[in-house]
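Peer 1:
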Amino acid sequence: MPVLDRRGFLTQAGISTAALAGGLRPGRAAHAAALRPMAFVMNSGAANVSVIDMTTRKVLRTLPTLREPSHWALPPDRSRLLVCDAGGNALFYFDPETGQEMGHRVMADPYQIGYSPDGRYFLANALRLNFVEIYRASDFHLIKRLSVGGMPSHLDFSPDSRVSFHSMQQSGTLVAIDLARAEPRWTAKIGKVPAGVLYHNGKVLCCVMGANYVAVLDPASGEIVGRIHTGIGPHNLFLTPDRKTLYVTNRVGGTLVALDPATLAVRRTYPLHASGPDDLAVAPDGKLWIALRFREQVAVLDPVSGHYDTIDVGRSPHGIFLNTMLARPGLVTAEML
Amino acid sequence: MFTPLDRIFSIIAGWIDQNAILPILYHFGWMEWEELSFDWMLICVYGVFALLVTYAICWPLEALRPIERWSSRKAVLPDIFYTVLARVGVLPIVSFLVFYQVQVWVNGFVVDHGYIPPMLETLIPPLLGHPVLTFLAYALILDCSDYWRHRLSHSFRGWYALHALHHAQRQMSFWSDDRNHLLDDLIGALWFGVVALAIGIPPLQFPLLLMFMRFVESLSHANVRLSFGWLGDRLLVSPRFHRIHHGLLAAGRVSCNYGAVFPIWDMIFGTADFSDAWPATGDRNAPEAMVSGGYLAQQWGGLTHAWGQMRAGHAKRKAARRQARPLSS
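Which chain is which? The protein sequence lines are A and B, in order.
In terms of numbering that gives the first Met the number 0, the first sequence opens at residue 0 and continues consecutively.
In terms of numbering that gives the first Met the number 0, the second sequence opens at residue 0 and continues consecutively.
(1) Determine the DSSP secondary structure at threonine 97/A, reduced to helix, strand or coil.
(2) Helix, strand or coil for histidine 133/A? Go by DSSP, reduced to three states.
(3) For tyrosine 110/A, which residues in the same chain have their Cβ closer than 8 Å to its Cβ, ignoring the five residues on either side in sequence?
(4) Please classify arginine 5/A as buried or exposed, where buried requires at least 16 neighbouring CB atoms within 10 angstroms.
(5) Of all the options Ala264/A, Ala257/A, Leu263/A and Ala261/A, which has the alpha carbon lying nearest to the alpha carbon of leucine 279/A?
(6) Using beta-carbon positions only, say whether serine 157/A and tyrosine 120/A come within less than 8 Å of one another.
(7) Determine the extent of the alpha helix (DSSP H) in which alanine 72/A is found, giving its start and end residues.
(8) Starting from the beta carbon of proline 63/A, find every residue of chain B whose beta carbon is closer than 7 Å, and list them in chain order.
(9) Work out the CA separation of arginine 294/A and histidine 317/A for me, nearest whole Å.
(10) Spell out whether any CB of chain B is found under 8 Å from the CB atom of glutamate 295/A.
(11) Taking C-beta to C-beta, are leucine 119/B and glycine 199/B nearer than 8 Å?
(12) Less than 8 Å separating the beta-carbons of glutamate 100/A and phenylalanine 237/A?
(13) Alpha carbon to alpha carbon, how far is alanine 264/A from threonine 229/A? Give it in angstroms, no decimals.
(14) Answer yes if the stretch 141-161 of chain B comes into contact with the stretch 179-186 of chain B, meaning at least three C-beta pairs across the two stretches below 8 Å, and no otherwise.
(15) Going by beta carbon distance, what residues of the same chain come within less than 7 Å of methionine 40/B, once the five residues before and after it are set aside?
(16) Could you please tell me which residues of the stretch 35-50 of chain B, in chain order, have their CB closer than 8 Å to any CB of chain A?
(17) On the three-pair Cβ rule with 8 Å, is the stretch 48-63 of chain B touching the stretch 110-124 of chain B?
(18) Along chain A, in chain order, which residues have C-beta atoms closer than 8 Å to that of asparagine 256/B?
(19) Along the chain, where does the beta strand (DSSP E) containing serine 166/A start, and where does it finish?
(20) Rounded to whole angstroms, what is the Cα-Cα separation between leucine 203/B and glycine 44/A?
(21) Of all Cβ atoms in chain A, is any one closer than 8 Å to the Cβ of arginine 6/B?
(22) Which residues mark the beginning and the end of the beta strand (DSSP E) in which threonine 268/A is found?
(23) Could you confirm whether any beta carbon from chain A is found closer than 8 Å to the beta carbon of glutamine 17/B?
(24) So that I know if they touch, is there some Cβ in chain B lying closer than 8 Å to that of lysine 191/A?
(25) Find the nearest neighbour of serine 166/A within the set Val174/A, Asp159/A and Ser160/A, judged by alpha-carbon distance.
(26) According to DSSP, is methionine 0/B part of a helix, a strand, or is it coil?
(27) Please look up how many angstroms separate the CB atoms of proline 233/A and tyrosine 212/A, rounded, as I've assumed it's under 8 Å.
(28) Between valine 247/A and cysteine 205/A, how many whole angstroms is the CB-CB distance? I'm expecting something under 8 Å.
(29) Which whole-angstrom value describes the C-beta separation of threonine 121/B and valine 105/A, a residue pair presumed to lie in contact below a C-beta threshold of 8 Å?
(30) Within the stretch 206-241 of chain B, note down every full alpha helix (DSSP H) run reaching 4 residues or more, in order along the chain.
(31) In terms of DSSP beta bridges, what is alanine 187/A paired with?
(32) For proline 125/B and proline 63/A, which I take to be in contact (beta-carbon distance under 8 Å), what is that distance rounded to the nearest angstrom?
(33) Count the other CB atoms, across all protein chains shown, that sit within 10 Å of the CB of leucine 23/A; report buried if there are 16 or more and exposed otherwise.
(34) Taking only beta-carbon positions, decide if methionine 0/B is within less than 8 Å of chain A.
(35) Going straight from the alpha carbon of alanine 314/B to that of phenylalanine 80/B, what length do you get?
This is the structure in structure tokens:
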């Protein structure tokens with residue numbers, strides 16, 4: 000079965016994602032490859048971002064935010080890294096190449112953010128305040144603020160940028176929003192406390208943290224067409240750059256699960272020992288950089304041996320971005336690494 | 000700053016969260032609170048640590064330099080219960096859950112009307128990147144706000160009747176700081192909520208600094224003959240300074256020394272009393288249930304006392320209006 004995700008969709012459609020997104024030109028790719036490899040770790044409980052030299056694995060600097068940095072997004076031109084700070088009602092900008100601060104803008108409760116694949120829309124989920132905001136990405140003009148359920152958590156887009164998908168932790172639903180009309184298209188009850196969302200291979204996958212499965216939905220109708228049992232409390236899911244593995248972090252089980260992206264069958268489970276695994280990113284050497292919420296650490300895990308080392312960061316590390324992702328063509332989002 | 004200790008506490012809180020709290024949340028279908036449950040565990044772990052440190056410092060002080068010697072410490076027992084409820088996080092967590100929707104509604108309402116609550120660092124940009132300074136700025140502002148909340152609680156008949164529960168204790172000790180009526184606590188939480196809308200919530204990455212401030216509040220209630228000297232008493236609220244506030248003569252609607260941590264607000268607003276006095280504490284007008292009853296008796300006593308005081312105040316105002324009305328021919 001071919002694996003078709005947003006990158007695949009755009010490639011099959013004959014569209015260069017990079018060109019579409021105004022992203023990586025060849026010269027820029029070389030420049031990105033020559034960058035000092037750095038990891039940006041959003042420490043939700045410490046109100047800062049740790050910048051780690053990926054080679055020495057030392058914290059180079061700690062960048063302040065206001066209260067609670069959580070997730071990140073990379074705009075189409077990759078000129079800055081956007082980090083949301085829900086508790087501080089702000090969106091922070093950092094230079095992904097140098098790891099320097101670039102200011103911030105006021106935004107109400109941005110918890111999870113993302114750009115549509117065509118770069119037209121910027122979306123923000125306000126988990127505390129129960130709304131989804133749709134912005135025109137070019138100038139941050141607020142198109143609409145929608146109340147579509149309780150505790151909007153994670154989000155993703157259809158490859159054609161027509162629909163966004165939002166998990167509603169409190170309502171137990173996944174909501175599809177028609178971006179052109181800025182209105183909900185469908186709402187599907189999928190189980191207790193849905194979290195991470197990923198459009199993958201023509202389906203929408205959504206972790207159901209109050210259960211032990213990842214729900215598989217038809218993006219057109221919202222009908223649940225399958226459930227993948229990954230462990231207790233699946234929280235978020237990530238596709239590796241080579242599209243050969245889909246990882247799921249299990250919050251309650253404290254494990255990481257590797258799935259076959261084509262069949263969605265479980266290949267392997269990695270124990271992460273009462274550490275609260277959250278977001279992860281894949282380094283060029285194939286190692287996984289995983290935020291361990293409960294240990295103030297980032298794990299660097301070798302997926303072959305299952306062994307991991309740790310790096311001390313701030314309290315409650317949450318989102319993680321590796322600037323080595325800048326060297327990759329195509330879309331880079333928090334879940335599509 | 001304090002990183003090794005912070006890390007140990009995080010690991011303990013994380014271990015409890017992963018092994019005990021998350022399975023409970025999962026079992027009962029409450030996983031939407033999983034992200035906060037770690038913060039709650041941190042509050043509990045720090046709270047237990049703070050209690051142990053407070054006890055380890057204040058108990059010897061009370062034993063070595065007591066102001067009063069008591070034959071029985073039975074009256075102190077309910078205060079211990081209040082302290083555990085408040086410091087180990089039970090009350091903060093319950094009040095968070097109870098008022099979560101109110102907070103969501105109020106914040107959502109103001110955002111919908113174009114007001115995004117700022118943080119102190121967005122109001123004073125040079126503070127951004129200086130979290131300790133920001134914390135201290137918040138501490139000063141919140142202490143000032145608390146000074147006025149406290150002073151007002153002594154100004155209104157019904158409100159003071161609730162607050163009298165705090166003053167009713169005749170055996171005041173380091174356990175007495177959290178001895179409050181639930182409604183009085185509720186007013187305090189609403190007060191803080193309004194301030195938070197104006198200047199945001201303080202950064203919480205310095206729980207040890209927060210603990211130090213709470214420690215000052217506990218120590219200020221201790222049954223210990225201790226002042227911080229001429230200058231120290233003007234920088235931090237000492238047991239001597241705060242005892243005057245709890246003195247029998249200061250119980251009621253005219254009082255002094257309202258500050259919780261910093262005496263500067265009393266100095267600025269003319270309510271400071273730095274007398275070298277160690278008065279007996281208590282409130283002669285408080286019903287006995289509020290003084291020596293158990294937790295529930297005190298809470299109920301506070302409620303009936305407040306109701307009685309409000310009715311008395313209403314009757315008094317009515318009589319005053321009747322007297323002021325011109326006689327009709």
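Where is the CB? At the ideal position from N, CA and C, for every residue including glycine.
Peer 2: Once the coordinates are examined:
(1) What you label residue 97/A is simply residue 98 of the first sequence in a count that begins at 1. Coil.
(2) Translated into positions along the first sequence, residue 133/A becomes position 134. The question names histidine, but residue 133/A in the sequence shown is isoleucine. Residue state, collapsed to three classes: strand.
(3) As a first step, residue 110/A must be located in the first sequence, where it is residue number 111. Hits under 8 Å: Ser69, His70, Cys83, Ala85, Ala123, Asn124, Ala125, Leu126, Arg127, Pro151 and Ser152.
(4) For this step, residue 5/A is matched to residue 6 along the first sequence. Low confidence applies here, because arginine 5/A scores a pLDDT of 46, under 50, leaving its location unreliable and the question unanswered by this model.
(5) Counting from one through the first sequence, the residue named residue 279/A turns up at place 280. The option with the nearest alpha carbon to leucine 279/A is Ala257/A.
(6) By one-based count along the first sequence, residue 157/A stands at place 158. By one-based count along the first sequence, residue 120/A stands at place 121. Not in contact: serine 157/A and tyrosine 120/A (Cβ atoms no closer than 8 Å).
(7) Counting from 1 along the first sequence, the entry for residue 72/A is found at position 73. Alanine 72/A -> not in any alpha helix (DSSP H); beta strand (DSSP E) instead, spanning 68-72.
(8) As a first step, residue 63/A is located in the first sequence; it is residue number 64 there, counting from the start. Per Cβ cutoff of 7 Å: Leu127, Gly128 and Pro130.
(9) Reading the first sequence from its first residue, position 318 is the one you call residue 317/A. Reading the first sequence from its first residue, position 295 is the one you call residue 294/A. The straight-line gap from Cα to Cα measures roughly 11 Å.
(10) Indexing the first sequence from 1 puts residue 295/A at position 296. Glutamate 295/A counts as touching chain B.
(11) On the second sequence, position 120 is the one that residue 119/B refers to. On the second sequence, position 200 is the one that residue 199/B refers to. Yes, they are a contact pair.
(12) Along the first sequence, read from residue 1 onward, the residue named residue 100/A stands at position 101. Along the first sequence, read from residue 1 onward, the residue named residue 237/A stands at position 238. Result no, Cβ atoms of glutamate 100/A and phenylalanine 237/A do not sit closer than 8 Å.
(13) The residue given as residue 229/A occupies position 230 in the first sequence. The residue given as residue 264/A occupies position 265 in the first sequence. One C-alpha to the other measures close to 9 Å.
(14) yes
(15) Locating residue 40/B in the second sequence gives position 41, where the first residue counts as 1. Correct list, in chain order: Ala12, Ile15, Asp16 and Ile20.
(16) Phe37, Asp38 and Leu41
(17) no
(18) Locating residue 256/B in the second sequence gives position 257, counting from the first residue. Going along chain A, no residue has its Cβ under 8 Å from asparagine 256/B, so there is no contact; the nearest lies around 33 Å.
(19) Taking the first residue of the first sequence as 1, we reach residue 166/A at position 167. Unbroken beta strand (DSSP E) run through serine 166/A: 162-167.
(20) Counting from 1 along the second sequence, the entry for residue 203/B is found at position 204. Counting from 1 along the first sequence, the entry for residue 44/A is found at position 45. Rounded to whole angstroms, leucine 203/B to glycine 44/A spans 8 Å at the Cα level.
(21) Here the question's residue 6/B lines up with position 7 in the second sequence. Taking Cβ atoms only, chain A reaches closer than 8 Å to arginine 6/B, which makes this a yes.
(22) Sequence index remark: in the first sequence, residue 268/A carries index 269 (1-based). Element bounds for threonine 268/A: 265-270.
(23) Your numbering for residue 17/B matches position 18 in the second sequence. True, the Cβ-Cβ gap to chain A drops below 8 Å.
(24) Locating residue 191/A in the first sequence gives position 192, where the first residue counts as 1. Yes, contact with chain B.
(25) One-based indexing of the first sequence puts residue 166/A at position 167. Comparing Cα positions, the closest option is Val174/A.
(26) If you number the second sequence from 1, residue 0/B lands on position 1. For methionine 0/B, the pLDDT reaches just 49, beneath the cut-off of 50, and the residue's location in the model is therefore unreliable, although a value from the coordinates is still provided. Three-state DSSP puts methionine 0/B in coil, outside helix and strand.
(27) Locating residue 233/A in the first sequence gives position 234, counting from the first residue. Locating residue 212/A in the first sequence gives position 213, counting from the first residue. About 7 Å; that satisfies the 8 Å criterion.
(28) Counting from 1 along the first sequence, the entry for residue 247/A is found at position 248. Counting from 1 along the first sequence, the entry for residue 205/A is found at position 206. About 11 Å separates the two Cβ atoms, so there is no contact after all.
(29) Here the question's residue 121/B lines up with position 122 in the second sequence. Here the question's residue 105/A lines up with position 106 in the first sequence. With 8 Å as the limit, threonine 121/B and valine 105/A qualify as a contact, their Cβ atoms being about 7 Å apart.
(30) 206-219 and 228-234
(31) Residue numbering aside, residue 187/A sits at position 188 when the first sequence is read from its first letter. Looking at the DSSP assignment, alanine 187/A forms a beta bridge with Leu173/A.
(32) Mapped onto the second sequence, residue 125/B falls at position 126. Mapped onto the first sequence, residue 63/A falls at position 64. Actually they are not in contact, since the Cβ atoms of proline 125/B and proline 63/A sit about 12 Å apart, beyond 8 Å.
(33) One-based indexing of the first sequence puts residue 23/A at position 24. Reliability fails at leucine 23/A, whose pLDDT of 48 lies under 50, so the model's placement of it is uncertain and the value that follows must be treated cautiously. The residue is buried, with at least 16 neighbouring Cβ atoms inside 10 Å.
(34) In the second sequence, the residue the question calls residue 0/B occupies position 1. In this prediction, methionine 0/B has a pLDDT of 49, which is less than 50 and means its spatial position is unreliable; what the coordinates show is noted afterwards. For methionine 0/B, the answer is no, since every Cβ of chain A falls outside 8 Å of its Cβ.
(35) What you label residue 314/B is simply residue 315 of the second sequence in a count that begins at 1. What you label residue 80/B is simply residue 81 of the second sequence in a count that begins at 1. Cα-Cα distance, rounded: 36 Å.
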